[in-house]
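Visitor: Chains as they are written, first to last, in the working numbering: chain E, 1 to 543; chain A, 1001 to 1543.
Protein chains: 2
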Amino acid sequence: MKPILEIADTFGIADKYLELYGRYKGKLDLRLLSDMRDRPDGKLVLVTAMNPTPAGEGKTLTTIGLAQALNAIGVPSIAALREPSLGPCFGMKGGATGGGKAQILPSEDINLHFTGDLHAITSANNLLAAMIDNHIFQGNALQIDPGRILWKRAMDMNDRSLRQIVVGLGDGNGQVHESGFMITSASEVMAVLCLSEDADDLKRRLGRMVVACNMSGEAVTAAQIGAVDAMTVLLKEAIKPNLVQTAEGSPAIVHGGPFANIAHGCSSVIGTKAALKLAKIVVTEAGFGADLGAEKFFNIKCRQAGLTPDAAVLVVTVKALKYNGGVPKAELDKPNPAALEAGLANIRRHLENIGKFGVPVMVAINHYADDPQDEIRLVTEACRRMGVRAELSDVWAKGSEGGLEMARALQDILRGEPSRYAPLYPEELDIRAKIEAIVREIYRGKGIKLSAKAEAKIRELERLGFGRLAVCMAKTPYSFSDQATLLGAPDNFTVQVRDVTLSAGAGFIVAHTGNIVTMPGLPKSPAAERIRLDERGEVDGLL
Amino acid sequence: MKPILEIADTFGIADKYLELYGRYKGKLDLRLLSDMRDRPDGKLVLVTAMNPTPAGEGKTLTTIGLAQALNAIGVPSIAALREPSLGPCFGMKGGATGGGKAQILPSEDINLHFTGDLHAITSANNLLAAMIDNHIFQGNALQIDPGRILWKRAMDMNDRSLRQIVVGLGDGNGQVHESGFMITSASEVMAVLCLSEDADDLKRRLGRMVVACNMSGEAVTAAQIGAVDAMTVLLKEAIKPNLVQTAEGSPAIVHGGPFANIAHGCSSVIGTKAALKLAKIVVTEAGFGADLGAEKFFNIKCRQAGLTPDAAVLVVTVKALKYNGGVPKAELDKPNPAALEAGLANIRRHLENIGKFGVPVMVAINHYADDPQDEIRLVTEACRRMGVRAELSDVWAKGSEGGLEMARALQDILRGEPSRYAPLYPEELDIRAKIEAIVREIYRGKGIKLSAKAEAKIRELERLGFGRLAVCMAKTPYSFSDQATLLGAPDNFTVQVRDVTLSAGAGFIVAHTGNIVTMPGLPKSPAAERIRLDERGEVDGLL
């Protein structure tokens, strides 16, 4: 690793803008953004993927490797990534820092406490929760209905026992009511931080968050609780983008990590905008497959932030194609060109969808050592027939060298027809019509079915003036449909919308399909049992 | 503020041992301690106080000011302090970084997330809690009794609603059971971190912590849960002492902040030992008055760590003396020599007590601008009659200049009769006798009364082999007795021991007198409502 000051220096970041967290991590002062206001922006590239499978697609890996490869061919590039949540590392997820020769470093630090952003978000979330309950305890001037406290507590830990709890038991401990914890990345505070333009915007958004209903059924906001300024103080460092480096010493901005189901799953707007001022090409990613990640990146993040994505890269693997063609996980290593052909329907649909946003796209085939050569050829040719360029990416094994073809292909695309990016639906559409637009145009279902509860809540949200907000779909990532087992390119399905909830600070309405778990649990044998410091004091077992 | 690298440099700490957290905060690499192994230790001075009163005594202030003054007269000195808890800053406590011209800086950072130590402790505490519940959920191989889970969750926030909760409700969310949160500084993990000699000792202590009972009534430890290595990983940075500076640019090591009731209330052993290698004089403090703080510092911290305190400074104020002489808070500003005389009984007893540990002592009269001159003289003369030197400390208004007399007096003491420090009771005494020793010798009560529960638990703890552990008293800080309103120097009282609990990792048994709140609540008008970022982006309202 190079000192982070050196990495910053090569991208023209003066020392005064970098606050060090050890030798290898830094935070960028927000004055850097205002001081760079007049610089031209670089190109913005989204790395997204086909529907995820148990085999792993390597989206973060490809994002890092592509940025490394672009730098290797002389194009100053920055990877703009989400920061990992600590909790799941102790469950079974492993880290979220890429792998092999396409990693961000120091990976253990990034996967653990990093620069404390998630802890700060946890604190801000829980200060608000404590102030709501304290408000009720101290007289309840706002007439909050204890049965309709919407705000939950947060913890960056996988702890299923905290999903549904009763608080306030015992004498003098406040109002008894049902509550629960979500994992910190699922907190609206995380989504708000990631969508904010600056500290003022952060404060405004925090203030708009709806935390409860009063006895008359009206919304009570965080601003009314009086928590917003103190929350902003708790978040004053967390809002600054983090600078680290890739395994090849190029810069990466790793900032914010909202859930990709009940939130929008993209790294921070501030981090992305800083990267655009510093680099010729910014490579960023979005959670899950393109049906969720790219859709939200385009319809929520880019629309809100006024960003224009210049190109997209769809990550595929031959294993994931075979899986989507019907092959069970245990048999993915065996050649099976017929299943692969069947699975191509999945990526065809994602490519068409990205086209609907007017964004040029290419395919990156993330290479596994045991992939049959002729299956790779099959994918490449099929993409060519679809009019899309596909390149092999071998960045795990070879770093930038394994991504040179991909980087050159991307450059060609960026030099070609410019992006005609536009969101899928206008803000003016009513909430139901927005959900239908996504389901029909992106998922290709025949329609939606709203539960009675969802229907009533939509009416109420529109009455309260929230009808113009974007829709954030909470859906299984494994299928275009709302049923995890419908692989490939299913159609003729109806999406069941069970509930809708408001994230007024983040600026979207979440449409819940199926049961979305916002607090994971630990598995039978959690990774925590194997994570340790080795003899040299290094972390072992985390990745 | 000077860059922290410069502060480190003046005390001979090479750059390689300092990990920066911004320009003004650093963590000391633990290799520094081993590399300094052969250096002689400096002198260790405890700053303690008379019984605290609502007027505030200024113990942290005096500790910082004394270290500044020692440096000003050419004696390289370090203040070794506890780190503040974030939660109470949003309640009504204000910061814990001194004040006026005797502060540690950057005070806002130190009072907020600082270097993330408390967040790391929270994470380690809650990982263990999640793993216990997950163990039960996944089959309960250890046969843990869900009704006897002793381990609580932690949060660094004042949130009374979390004191007593029910977790695991709902389908698939684990075993339903009662639980609760304590504030992070009350977690045994905090006490363990503060008493550990190094990372190996930390791991051993974490492993010994008793977290539950099994169906046969036997203790289940954190080691049996398999959580210890992962907890050690989470704490690998938190165990490193933090270096900051005083308002006059002298160094301060601020590390660890355990509760002073259910824990021992002293900063970390590692931080104290590092300071002793780096400075001629180390000035440290302990929570609450000398009846709790000094007693635990001598009997728990110094005994466990093999430290020899060379002197003690008892902080008093004329206001606190008058309060202990019966004057209500609202009238403390008025002259009242008679009440002051009566209050002197309080400091007389503390001075005698410190003498019982064989430690030379002096008095520091922390000066308030409106203190009557003749009342100060009264205190000085009374101390002289007791054979103890008393000096005025005006470090809040004047910094080191206001502490020169105090610093010189301390030097005289350190040059005089050497300390004959010894703990008050031998480890071999049984638990009941240890509690009695403290109550008779330090509090001056006529004896103790154990509840039936406490009696039964003592028998059980002795049967399980924990009888040799030290006793950690959880008692009101406001009185020598267990009744907060018995001011001055009460006697003839009996201390009621309601319960005893085991902190096997920390190495003590907590004797609970009265109700000790381990999770504070927010007041009617919490400080959080007034804490904000001002126009320049600076924190306002925190101190």
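Just so you know, even glycine gets a beta-carbon here, dropped at the ideal spot from N, CA and C.
Using the rule of at least 16 other Cβ atoms within 10 Å of the residue's Cβ for burial, across every protein chain shown, is residue 482 of chain E buried or exposed?
Guide: The residue labelled residue 482 of chain E in the question sits at position 482 within the first sequence. Per the 10 Å Cβ criterion, buried.
Visitor: What first and last residue would you give for the beta strand (DSSP E) that runs through residue 312 of chain E?
Guide: As a first step, residue 312 of chain E must be located in the first sequence, where it is residue number 312. It spans 311 to 316 - the beta strand (DSSP E) in which residue 312 of chain E sits, taken as one unbroken run.
Visitor: Give the secondary structure of residue 360 of chain E by DSSP, where H, G and I count as helix, E and B as strand, and everything else as coil.
Guide: Translated into the one-based positions of the first sequence, residue 360 of chain E becomes position 360. Residue 360 of chain E: coil per DSSP, three-state reduction.
Visitor: CA-CA distance, residue 430 of chain E and residue 300 of chain E?
Guide: Sequence index remark: in the first sequence, residue 430 of chain E carries index 430 (1-based). Sequence index remark: in the first sequence, residue 300 of chain E carries index 300 (1-based). Taking the straight line joining both Cα atoms gives about 16 Å.
Visitor: What are the boundary residues of the beta strand (DSSP E) that includes residue 330 of chain E?
Guide: What you label residue 330 of chain E is simply residue 330 of the first sequence in a count that begins at 1. Premise fails: residue 330 of chain E is in no beta strand (DSSP E) and is neither H nor E.
Visitor: Quick check: the Cα distance between residue 260 of chain E and residue 417 of chain E, rounded to an integer number of angstroms?
Guide: As a position in the first sequence, residue 260 of chain E is number 260, starting the count at 1. As a position in the first sequence, residue 417 of chain E is number 417, starting the count at 1. Taking the straight line from one Cα to the other gives about 30 Å.
Visitor: Whole angstroms are fine: how far does the CA of residue 243 of chain E sit from the CA of residue 323 of chain E?
Guide: Taking the first sequence and counting its residues from 1, the one referred to as residue 323 of chain E is at position 323. Taking the first sequence and counting its residues from 1, the one referred to as residue 243 of chain E is at position 243. So the alpha carbons of these two residues sit roughly 36 Å apart.
Visitor: According to DSSP, is residue 1449 of chain A part of a helix, a strand, or is it coil?
Guide: For the purposes of this step, residue 1449 of chain A is taken as the residue at position 449 of the second sequence. It is a strand residue.
Visitor: Just to make sure I have the definition right: I need the residues of chain A whose C-beta is within less than 9 Å of the C-beta of residue 533 of chain E. Which are they?
Guide: Translated into positions along the first sequence, residue 533 of chain E becomes position 533. Within chain A, the residues near residue 533 of chain E are 1199, 1203, 1229, 1232, 1233, 1236.
Visitor: In angstroms with no decimal places, state the Cα-to-Cα distance between residue 46 of chain E and residue 125 of chain E.
Guide: Sequence index remark: in the first sequence, residue 46 of chain E carries index 46 (1-based). Sequence index remark: in the first sequence, residue 125 of chain E carries index 125 (1-based). The alpha-carbon atoms of residue 46 of chain E and residue 125 of chain E are separated by roughly 30 Å.
Visitor: Can you name, in chain order, every residue of its own chain whose Cβ lies under 8 Å from the Cβ of residue 1541 of chain A, other than the five neighbours on each side?
Guide: Sequence index remark: in the second sequence, residue 1541 of chain A carries index 541 (1-based). These residues qualify, in order along the chain: 1527, 1530, 1531, 1532.
Visitor: Return helix, strand or coil for residue 1478 of chain A, following the three-state DSSP convention.
Guide: For the purposes of this step, residue 1478 of chain A is taken as residue 478 along the second sequence, with counting starting at 1. Reduced to three states, the DSSP call for residue 1478 of chain A is coil.
Visitor: Could you check if residue 1521 of chain A is buried or exposed, using at least 16 other CB atoms within 10 Å of its CB as the buried criterion?
Guide: Taking the first residue of the second sequence as 1, we reach residue 1521 of chain A at position 521. Its Cβ being crowded by 16 or more others within 10 Å, residue 1521 of chain A is buried.
Visitor: Closest by CA to residue 316 of chain E, which one among E/338, E/337, E/380?
Guide: Taking the first residue of the first sequence as position 1, residue 316 of chain E is located at position 316. The shortest Cα separation from residue 316 of chain E among E/338, E/337, E/380 belongs to E/380.
Visitor: Please name the residues in the region 358 to 380 of chain E whose beta-carbon is closer than 7 Å to at least one beta-carbon of chain A, in chain order.
Guide: none
Visitor: Is residue 385 of chain E near residue 444 of chain E, with beta carbons less than 8 Å apart?
Guide: Translated into positions along the first sequence, residue 385 of chain E becomes position 385. Translated into positions along the first sequence, residue 444 of chain E becomes position 444. No, they are not a contact pair.
Visitor: Should residue 21 of chain E be flagged as near chain A, meaning a C-beta pair shorter than 8 Å?
Guide: Taking the first residue of the first sequence as position 1, residue 21 of chain E is located at position 21. Yes - at least one Cβ of chain A is within 8 Å of the one on residue 21 of chain E.
Visitor: In chain A, what lies closer than 7 Å to residue 430 of chain E by C-beta?
Guide: The count along the first sequence starts at 1 and reaches residue 430 of chain E at position 430. What residue 430 of chain E touches in chain A: nothing, since even the nearest Cβ is about 33 Å away.
Visitor: For residue 1054 of chain A, which residues from the same chain have a beta carbon less than 8 Å from its beta carbon, with the 5 sequence-adjacent residues on both sides left out?
Guide: For the purposes of this step, residue 1054 of chain A is taken as the residue at position 54 of the second sequence. Excluding residues within five positions, the ones whose Cβ falls inside 8 Å are 1323, 1329.
Visitor: So, is residue 215 of chain E buried or exposed, given that buried needs 16 or more other C-beta atoms within 10 angstroms?
Guide: Here residue 215 of chain E refers to the residue found at position 215 when the first sequence is read from its first residue. Per the 10 Å Cβ criterion, exposed.
Visitor: My parser needs the beta strand (DSSP E) runs of 3 or more residues fully inside the region 134 to 162 of chain E; what are they?
Guide: 144 to 149, 153 to 155
Visitor: What do you get for residue 977 of chain A, buried or exposed, if any count of 16 or more other CB atoms within 10 angstroms of its CB means buried?
Guide: Nothing can be reported for residue 977 of chain A: it is not among the residues displayed for chain A, which extend from 1001 to 1543.
Visitor: Quick one: which chain A residues come within Cβ less than 7 Å of residue 34 of chain E?
Guide: The residue you call residue 34 of chain E lines up with position 34 of the first sequence. Neighbours of residue 34 of chain E on chain A: none; closest Cβ ~12 Å, over 7 Å.
Visitor: Using a Cβ-Cβ cut-off of 8 Å, state whether residue 126 of chain E counts as contacting chain A.
Guide: Along the first sequence, one-based indexing puts residue 126 of chain E at 126. Yes, residue 126 of chain E lies at the interface with chain A (some Cβ there is under 8 Å from its Cβ).
Visitor: Can you list, in chain order, the residues of its chain with a C-beta nearer than 6 Å to that of residue 179 of chain E? Leave out the 5 residues immediately preceding and following it.
Guide: By 1-based counting over the first sequence, the position of residue 179 of chain E is 179. Within the same chain, residue 179 of chain E has close Cβ partners 165, 167.
Visitor: In whole angstroms, what separates the C-alpha of residue 1212 of chain A from that of residue 1152 of chain A?
Guide: On the second sequence, residue 1212 of chain A is found 212 positions in, with the first residue counted as 1. On the second sequence, residue 1152 of chain A is found 152 positions in, with the first residue counted as 1. Distance between the alpha carbons of residue 1212 of chain A and residue 1152 of chain A is about 10 Å.
Visitor: Please classify residue 1253 of chain A: is it buried, with 16 or more other beta-carbons within 10 angstroms of its beta-carbon, or exposed?
Guide: Along the second sequence, read from residue 1 onward, the residue named residue 1253 of chain A stands at position 253. Counting Cβ neighbours within 10 Å, residue 1253 of chain A comes out buried, since at least 16 surround it.
Visitor: What does DSSP give as the partner residue(s) for residue 496 of chain E in the beta ladder?
Guide: Residue 496 of chain E sits at position 496 when you count from the first residue of the first sequence. According to DSSP, which records beta bridges pairwise, residue 496 of chain E is partnered with E/449.
Visitor: Starting from residue 409 of chain E, follow the alpha helix (DSSP H) in both directions and report where the run begins and ends.
Guide: In the first sequence, counting from the first residue as 1, residue 409 of chain E sits at position 409. 404 to 415 is the extent of the alpha helix (DSSP H) around residue 409 of chain E.
Visitor: Applying a beta-carbon distance threshold of less than 9 Å, which residues of chain E neighbour residue 1242 of chain A?
Guide: Here residue 1242 of chain A is taken as the residue at index 242 of the second sequence, counted from 1. The contacting residues do not exist; residue 1242 of chain A stays about 13 Å from chain E at best.
Visitor: Answer with yes or no whether the minimum CB distance from residue 394 of chain E to chain A is below 8 Å.
Guide: On the first sequence, residue 394 of chain E is found 394 positions in, with the first residue counted as 1. Not closer than 8 Å to any Cβ of chain A, the Cβ of residue 394 of chain E fails to qualify, so no.
Visitor: Would you call the CB atoms of residue 1409 of chain A and residue 1391 of chain A closer than 8 Å?
Guide: In the second sequence, the residue the question calls residue 1409 of chain A occupies position 409. In the second sequence, the residue the question calls residue 1391 of chain A occupies position 391. Cβ distance < 8 Å, so residue 1409 of chain A and residue 1391 of chain A count as in contact.
Visitor: Kindly say whether residue 147 of chain E, judged by its beta-carbon, lies nearer than 8 Å to any beta-carbon of chain A.
Guide: What you label residue 147 of chain E is simply residue 147 of the first sequence in a count that begins at 1. Residue 147 of chain E does not count as touching chain A.
Visitor: Quick one, which of A/1102, A/1138, A/1116 has its alpha-carbon nearest residue 524 of chain E's?
Guide: Counting from 1 along the first sequence, the entry for residue 524 of chain E is found at position 524. Comparing C-alpha distances from residue 524 of chain E to each of A/1102, A/1138, A/1116 shows the shortest one belongs to A/1138.
Visitor: Out of E/202, E/507, E/226, E/221, point me to the one whose CA is closest to residue 466 of chain E's CA.
Guide: Translated into positions along the first sequence, residue 466 of chain E becomes position 466. It is E/507.
Visitor: Since residue 138 of chain E meets chain A, which of its residues come closer than 7 Å, beta carbon to beta carbon?
Guide: To locate residue 138 of chain E, count along the first sequence from 1; it is residue 138. Around residue 138 of chain E, the beta-carbon contacts reaching into chain A at under 7 Å are 1524.
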